[in-house]
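Numbering (this note's numbering), first residue to last: 521 to 659.
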């Protein structure tokens, strides 16, 4: 009986620890809104920050322009991930192909290789809608 209680207690502690590493991102090619739990003691989600993509300047050399665009995209994704340290689950949504690129970037980043991603196509979400959606998804 004591082993069962201990296992059950360990499972509750694991799930409580897991909750603080759940995040959501609403992103397109220009902006991202990151939602998560601001404090491990709090069970509700809130907006942790917003990230704007760096602007790519016009360039007469196509090769240089492509390299700059890739570099800026990498910077954009790094800025997003800086708000989600040690993420275990990330809900990614938004219009276009930005979320696919972000998920691929996560898979190529050693720190986030084991992170579970959930991809969705909700496009017209406000910050409040995203917070509500994550509260339902990560019960």
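Note that the Cβ used here is the ideal one computed from N, Cα and C, for glycine as well.
Predicted, not measured: the structure shown is a model, and the values here were computed from it.
In this structure, DSSP gives residue 549 a state outside helix and strand, which the three-state scheme calls coil.
Ranked by Cα distance from residue 640, the options 623, 627, 634 are led by 623. One Cα belongs to residue 584, the other to residue 593, and the distance between them is close to 14 Å. From the listed residues 609, 563, 555, 565, the smallest Cα separation to residue 634 is found for 609. A contact between stretches requires three or more CB pairs, one per stretch, nearer than 8 Å, and the region 644 to 657 fails this requirement with the region 624 to 631.
Scanning 566, 559, 659, 576 for the CA closest to the CA of residue 553 turns up 566. Sequence-distant Cβ neighbours of residue 653 in its own chain, meaning closer than 6 Å and more than five residues away, do not exist here. If you compare the alpha carbons of 577, 544, 600, 637 with that of residue 571, the shortest gap goes to 600. Minimum Cα-Cα distance from residue 550 among the listed residues 625, 658, 615, 655 corresponds to 615. Following the DSSP letters along the chain, one finds residue 613 inside the beta strand (DSSP E) bounded by residues 609 to 613. In terms of Cβ geometry, residue 543 and residue 618 do not form a close pair [threshold 8 Å]. The three-state reading of DSSP puts residue 570 in strand, counting E and B together.
Between the alpha carbons of residue 563 and residue 541 lies a distance of about 12 Å. Separation of residue 659 and residue 636 (C-alpha to C-alpha, rounded to the nearest whole angstrom) is 16 Å.
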